[in-house]
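Novice: Each residue of the sequence shown is one higher than the last, beginning at 889 in my numbering. Starting off with a structure, shown below.
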Amino acid sequence: MRRVRFETDGEGRDGRFENDEIITDSETYATDEVTILPPCEPSKIIAAGKNYHDHIEEMKEKGVGSGELPERPFFFYKPPSSVIGHGDAIEYPDGAEVVHYEGEVGVVVGERCRNVPTDDALDVLAGYTALNDVSHRDWGRKEEQWVRHKGQDTFCPIGPSLQTDVEADVGFETHLNGEKRQDSRTSNTVFSIAELVSDISKYMTLEPGDVIATGTPSGVGQLSPGDTVEVTVEGVGTLRNDVR
């Protein structure tokens, strides 16, 4: 099921997508009649870096990283204040030169949990969604820590829906101004979705609504004001955001 959170007449509602319409228990809405909200309200967003073989090699060729595969999952943090929804604008930072899109699959935690075995990890998820890990590379090249270049306001678009039928292997694409730039599947990761969930749950309690971004493949590239970036995930739909 494709669950959706939306706002109409100033009121937040829950529904489901069917045939490009939003269905609630009592009403049906066209998508252009409502504001699509992020599919969850996370207390934290934990993102996996260096988790696609081809992206690790791509970044090495650009002079970022050694090209070696991580021995264990590499995580960084994006704050809840970075989250925006489908149709919201990504704000291009003043003075920035290099800002990249990174299309990803994000998984959403469905229950409070800690120390989850890998074999049980998919069972604690509410579903998955599309996510764009927008990155300010100017800061990323100046500093070893990633808070400034990953955590800025509007740098974590999520949506437009939450697919509740959890799959271990999901396909996704990223388009920039209508041109395909990324095309991969979560089966191409260094660490699987289940391994990511299990590993991070060893160190912190995961709460319902928390998001784990599972990494980006090769094809990341420059964003500029006026661009439109779209991340399409199987079973979820297309997350579309303009850059201003």
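The beta-carbon is built from N, C-alpha and C at its ideal position, and this holds for glycine as well.
1) Applying the 10 Å Cβ sphere with the 16-neighbour rule, what's the burial state of D902?
2) Counting pairs of beta carbons, one from the region 1055-1065 and one from the region 1112-1119, are three or more of them closer than 8 Å?
3) Note the first and the last residue of the continuous alpha helix (DSSP H) segment covering R1084.
4) Helix, strand or coil, according to DSSP, for N1129 in the structure here?
5) Where DSSP assigns a beta bridge to L1019, which residues make up the other side?
6) Alpha carbon to alpha carbon, how far is I911 from V1108?
7) Using C-beta distances below 7 Å, list every residue in its chain close to L834, excluding the 5 sequence neighbours before and after it, in chain order.
8) Give me the Cα-Cα distance between E929 and P968, rounded to the nearest whole angstrom.
9) Name the two residues that bound the continuous alpha helix (DSSP H) containing R892.
10) Straight-line CA distance for E1095 to V997?
11) Give the DSSP bridge partners of G1059, in chain order.
12) If I measure Cβ to Cβ from F905 and keep anything under 6 Å in the same chain, skipping five residues before and after, which residues do I get?
13) Report the residue from I934, I972, K938 whose alpha carbon sits nearest the alpha carbon of P1045.
14) Using a Cβ-Cβ cutoff of less than 6 Å, which residues in the same chain neighbour S1072 once the five nearest sequence positions on both sides are dropped?
Specialist: The relevant details are as follows:
1) Counting Cβ neighbours within 10 Å, D902 comes out exposed, since fewer than 16 surround it.
2) Look at the beta carbons and you see the region 1055-1065 touching the region 1112-1119: at least three pairs across the two are nearer than 8 Å.
3) One detail in the question is off: residue 1084 reads as Leu in this sequence, not Arg. Segment 1081-1088, the alpha helix (DSSP H) holding L1084.
4) Three-state DSSP puts N1129 in a strand.
5) According to DSSP, L1019 bridges with E992, I1046.
6) Their Cα atoms are separated by approximately 35 Å.
7) The requested residue 834 is not part of the displayed model; the chain covers only 889 to 1132.
8) If you take the alpha carbons of E929 and P968, they lie about 8 Å apart.
9) Correcting the residue identity first, residue 892 is Val in this sequence and not Arg. According to the DSSP assignment, V892 belongs to no alpha helix (DSSP H) but to the beta strand (DSSP E) extending over 890-896.
10) Pairing E1095 with V997, the inter-Cα distance amounts to about 7 Å.
11) In the DSSP output, where bridge partners are listed per residue, G1059 has R1073.
12) Result list for F905: R890, V892, S1049, in chain order.
13) Out of I934, I972, K938, the CA that lies nearest to the CA of P1045 is found in I972.
14) Cβ within range, chain order: P1105.
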